[in-house]
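Participant: Just passing along the structure, written as structure tokens.
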Amino acid sequence: LAYLEWFTSFSSMPDSWHGMYKISHFLCLGERVTSIIPVSNIAHSVHLLLKFGPVAPHHWTSNTI
4 LAYLEWFTSF SSMPDSWHGM YKISHFLCLG ERVTSIIPVS NIAHSVHLLL KFGPVAPHHW
64 TSNTI
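So in our numbering, the last spot in the sequence shown is 68, and the numbers never skip.
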């Protein structure tokens, strides 16, 4: 089994600053929508990049996030 968090569809146009499409967590009544699904139902994975502002916090390392 796999834990899945749902996200919105891509925006209609890429962001003008970095050329990437933006998505957000899919919410229902203010709560994130999640599912538990069989691993065999996964067609492919995706890699999402975090939006944290103009500068990443200096205390973040590969050991602390």
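Where is the CB? At the ideal position from N, CA and C, for every residue including glycine.
Below 7 Å CB to CB, which residues in the same chain sit around residue 17 once its five sequence neighbours on both sides are set aside?
Facilitator: Result list for residue 17: 23 and 24, in chain order.
Participant: Quick one: what's got a C-beta closer than 8 Å to residue 10's C-beta in the same chain, skipping five residues either side?
Facilitator: For residue 10, where only same-chain residues beyond five positions count, the Cβ hits under 8 Å are 26, 27, 28, 29 and 51.
Participant: Apart from the five residues on each side of it in sequence, which residues of its chain come closer than 6 Å, Cβ to Cβ, to residue 38?
Facilitator: Closer than 6 Å at the Cβ level, and outside the excluded window around residue 38, lie 7.
Participant: In chain order, what residues of the same chain lie with their CB nearer than 8 Å to the CB of residue 40, ignoring the 5 residues before and after it?
Facilitator: Correct list, in chain order: 4, 5 and 7.
Participant: Please name the residue in 65, 57, 62 and 47 whose C-alpha comes closest to that of residue 21.
Facilitator: The option with the nearest alpha carbon to residue 21 is 57.
Participant: Can you look up residue 43 in the DSSP assignment and give me helix, strand or coil?
Facilitator: It is helical.
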